[in-house]
Every structure is written in structure tokens, then in C-alpha cells.
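Below is one structure, written out as C-alpha cells; the observations come after it.
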Amino acid sequence: SAIVPHTPRMANEEEAPDLTRPLIAGAREMGEALRALGPDLFVVNSTHWVSTFNWYATCHPVHEGVCVAEEAPDMISGIPYKRTGDPDFARAFIDTLSEHDVPCAANTTEHYHWDYGSLVPLLYLDPENAVPVVLIPTVIMADIDEEFMVVDEQYITDYDPRVHVLASALWKGDAMPVAWTKSHGEGRVFYQGLGHDPQACEHAMFKKMLVQGTLWAAGGE
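Residue numbers 12 to 232, in my numbering, belong to the letters of the sequence shown in order.
Structure follows, in C-alpha cells:
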């Protein structure tokens with residue numbers, strides 16, 4: 012496996028600031044080393060494709076579209092891409108996870124467009140589009156029960172509507188987020204509003220969300 016930088020400042024090499032030059036050079040060098048191994052495909056686990064439900068795999072024979080950085084459209088306003096996929100591998104991946112009771116489904120929609128966390132690394136790892144690609148998301152909540160009961164307090168009722176809500180609870184008849192993620196610059200933020208007493212902290216779903224969300228924010232999968 013390889014961890015590759017993907018800041019939107021790297022997307023256009025001609026306009027990239029000096030601080031990204033070592034990152035670009037390193038990504039190119041990494042790409043040469045990876046391609047020298049003769050890989051059958053690249054499986055890209057994007058930190059910007061956050062799934063709050065299942066694991067997914069892109070089952071498209073061809074990935075084609077235009078990538079826009081949602082949180083930085085001034086930096087990436089539209090990069091066309093066209094890359095080969097591997098539907099057979101993607102479906103085998105889905106079947107294997109499903110056999111082990113991991114919630115997983117196929118991403119087959121023709122309207123799906125890549126995020127820049129998927130595309131930017133490949134611009135340098137595989138500039139000739141020679142290696143097929145399958146995308147998988149970052150999943151924090153797939154093994155969290157869709158409904159669970161925990162007694163806790165809801166004391167923050169204001170939130171940024173642009174956050175990616177992972178879990179919510181009813182508060183005075185309205186659904187209020189109790190767990191969410193967002194980007195902050197080039198970093199990641201995970202918020203979890205549960206855990207105000209020992210009983211809440213001992214709840215199995217609280218522990219799972221805390222561990223998996225923290226790992227994601229720290230740069231893991």
C-alpha cells in the first residue's frame with residue numbers, strides 16, 4: 012500500500028506553489044516504483060469520499076467525468092478525466108466483504124464523479140492512465156447500528172450545515188447531528204457529541220464511533 016498527498020494545490024503542476032514541488036516529485040517517484048511492479052490495478056481509498064452507510068466499490072468499466080474540488084473550487088474548477096476501471100475486481104471485492112458480513116454495495120451510477128482526493132494522486136502516480144482503477148470510500152459508520160439508544164445530553168444546537176452528518180438524534184422534535192466530519196484546510200475534523208457520563212462512554216456504539224472517527228481524522232482509513 013502507499014499513502015499519497017492530494018492537496019488541491021498540486022492539481023495544476025504549472026501553477027503549483029513551491030511548497031508542493033517536493034510532494035509532486037515524490038508522487039512521481041512513487042508512481043514509477045509502483046508501475047515497475049506491474050500492478051493489475053490501483054485500488055484508491057479516497058479520504059474525500061466519505062460513506063456513512065456501506066462500503067462501496069466503483070464498478071464502472073470506464074471512469075469519465077470532470078473533477079471539481081467542492082471545498083476549493085477556485086483551485087480545482089474542473090479537471091476532465093478518463094481512466095479504465097475493473098468491474099470484475101470491484102464485484103469480487105464486494106462479494107468477499109459481503110461473505111464476511113461487511114455491509115458493501117456496488118457503485119454503478121453513471122452520474123458519479125471523482126473527488127480530488129481520488130484524482131490528484133493519480134495525476135502523478137499514473138500520468139499515462141495505464142493502470143486500471145477501482146475506487147473505495149472512507150467508511151466510519153458501516154458497522155455502527157443504524158439505530159441505537161443511548162442516554163446523553165444535547166447541549167450544542169448550532170452547527171455548520173455544510174458538515175457531513177454521520178449520526179443524528181431527535182431533540183425537541185428535530186434531528187440534530189451528534190457526529191459529523193468536515194475538512195479544515197488540508198486537514199480533517201471528526202466531531203462526536205456523545206459521552207457526557209460513564210454510562211454513555213461505555214456504550215459499544217460510542218466506542219466504535221470514537222475509535223473509527225479518530226483514526227479517520229488522523230489520516231487512516
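All C-beta atoms in this analysis are idealised placements derived from N, C-alpha and C, irrespective of residue type, glycine included.
Note that this is a predicted model, so its numbers are computed, not measured.
Environment of H111 [buried if 16+ CB atoms lie within 10 Å]: Here residue 111 is taken as the residue at index 100 of the sequence shown, counted from 1. Classification of H111: exposed, given that the 10 Å Cβ count is below 16.
Simplified DSSP state of Y92, which is helix, strand or coil: Residue numbering aside, residue 92 sits at position 81 when the sequence shown is read from its first letter. Reduced to three states, the DSSP call for Y92 is strand.
Reference T197; option with closest CA among A101, I14, P91 and T18: Here residue 197 refers to the residue found at position 186 when the sequence shown is read from its first residue. It is Glu, not Thr, that sits at residue 197 in the sequence shown. If we check each option's Cα against that of E197, T18 comes out closest.
Collapsed DSSP secondary structure at E75 in the structure displayed: In the sequence shown, the residue the question calls residue 75 occupies position 64. Three-state result, E75: strand.
DSSP bridge partner residues for S57 (one or two, in chain order): For the purposes of this step, residue 57 is taken as residue 46 along the sequence shown, with counting starting at 1. The partner list for S57 (beta bridge, DSSP) is empty, contrary to what the question assumes.
Boundaries (first-last residue) of the alpha helix (DSSP H) holding V189: Mapped onto the sequence shown, residue 189 falls at position 178. Boundaries around V189 are those of the beta strand (DSSP E), D185 to H195, since no alpha helix (DSSP H) includes it.
DSSP-derived helix/strand/coil call for F64: For the purposes of this step, residue 64 is taken as residue 53 along the sequence shown, with counting starting at 1. Reduced to three states, the DSSP call for F64 is coil.
Any 3 or more C-beta pairs closer than 8 angstroms across the region 98-108 and the region 124-138: The region 98-108 vs the region 124-138: no contact.
Opposing strand residues paired with N118 [DSSP bridges]: Taking the first residue of the sequence shown as position 1, residue 118 is located at position 107. Assignment of beta-bridge partners to N118 by DSSP yields T69.
Residues near V73 by beta carbon distance below 7 angstroms, same chain, minus five either side: On the sequence shown, position 62 is the one that residue 73 refers to. Closer than 7 angstroms at the Cβ level, and outside the excluded window around V73, lie K93, T95 and G96.
CB of V150 within 7 angstroms of CB of S62, strictly: Position 139 of the sequence shown holds residue 150. Position 51 of the sequence shown holds residue 62. Yes. Within cutoff.
Close-in-space but distant-in-sequence residues of the same chain around I87 (CB under 7 angstroms, 5 per side omitted): Position 76 of the sequence shown, counted from the start, is the residue given in the question as residue 87. These residues qualify, in order along the chain: P19, A22, C78, V79, A80 and Y127.
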